[in-house]
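K.L.:
Numbering (our numbering), first residue to last: 1 to 181.
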């Protein structure tokens with residue numbers, strides 16, 4: 001297992017609002033993902049990797065301009081996934097890095113990025129492994145703007161509907177794969 005807390009502490013000051021929010025949100029995602037993994041032994045999910053990558057999936061948020069979640073960088077929030085990938089890639093954590101990039105929404109296609117004019121690299125950013133899919137799915141049930149219990153699936157679908165039919169279809173596929181939390 002990697003020491004994900006030490007990695008987080010390279011970029012966030014322990015005890016700061018940003019650190020506390022990131023760690024608590026990530027812990028919620030990691031625990032839900034672990035619970036879902038335990039219900040699906042047939043999927044042969046690497047549970048240690050899922051927990052680690054769930055704890056690191058949002059590591060790039062500090063580089064974004066999102067004051068409501070204590071982030072004061074200069075990049076748009078939607079960039080946090082690929083920025084997190086760059087951070088973890090530079091540390092040699094390539095599989096964990098892909099989870100960062102692939103968890104935004106229910107994943108993003110190159111076409112969606114281009115059509116919507118998103119400030120992202122023009123490439124597919126879709127979860128491909130079962131572990132990437134699981135972290136992506138579990139993340140949708142928790143807000144970073146305020147720590148609270150998991151959202152009901154209907155609320156998650158409603159929130160995601162504003163991003164288009166492709167996003168909803170991918171989320172529904174994840175729901176079929178993992179079930180309702």
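Heads up, the beta-carbon is just placed ideally off N, CA and C, and yes, glycines get one too.
Taking residue 105 and residue 167 to be in contact with their CB atoms under 8 Å, please state how far apart those CB atoms are, rounded to whole angstroms.
P.N.:
As a first step, residue 105 must be located in the chain shown, where it is residue number 105. As a first step, residue 167 must be located in the chain shown, where it is residue number 167. Yes, they are in contact, since the Cβ atoms of residue 105 and residue 167 sit about 5 Å apart, within 8 Å.
K.L.:
Going by the beta-carbon positions, is the gap between residue 140 and residue 156 smaller than 7 Å?
P.N.:
On the chain shown, position 140 is the one that residue 140 refers to. On the chain shown, position 156 is the one that residue 156 refers to. In contact: residue 140 and residue 156 (Cβ atoms closer than 7 Å).
K.L.:
When you compare only the Cα positions, how much space is there between residue 63 and residue 39?
P.N.:
Within the chain shown, residue 63 is the residue found at index 63, counting from 1. Within the chain shown, residue 39 is the residue found at index 39, counting from 1. Roughly 35 Å between the two C-alpha positions.
K.L.:
Classify residue 111 as buried or exposed, calling it buried when 16 or more other Cβ atoms lie within 10 Å of its own Cβ.
P.N.:
Locating residue 111 in the chain shown gives position 111, where the first residue counts as 1. Residue 111 should be labelled exposed.
K.L.:
Classify residue 54 as buried or exposed, calling it buried when 16 or more other Cβ atoms lie within 10 Å of its own Cβ.
P.N.:
As a first step, residue 54 is located in the chain shown; it is residue number 54 there, counting from the start. Answer is buried; the Cβ neighbour count reaches 16.
K.L.:
Can you tell me whether residue 175 sits near the ligand PLP, meaning its C-beta is under 6 Å from at least one heavy atom of the ligand?
P.N.:
For the structure depicted, the ligand PLP is absent and the ligand set is empty, with no information on it obtainable.
K.L.:
Any idea if residue 190 is buried or exposed, counting beta-carbon neighbours within 10 angstroms, 16 or more meaning buried?
P.N.:
No information on residue 190 is available, as it lies outside the stretch 1 to 181 that the chain covers here.
K.L.:
Note down the Cα distance separating residue 101 from residue 41, rounded to an integer number of angstroms.
P.N.:
Residue 101 sits at position 101 when you count from the first residue of the chain shown. Residue 41 sits at position 41 when you count from the first residue of the chain shown. One C-alpha to the other measures close to 26 Å.
K.L.:
Closest to residue 159 by CA distance: which of 82, 33, 173 and 142 is it?
P.N.:
The count along the chain shown starts at 1 and reaches residue 159 at position 159. The candidate whose alpha carbon is nearest that of residue 159 is 142.
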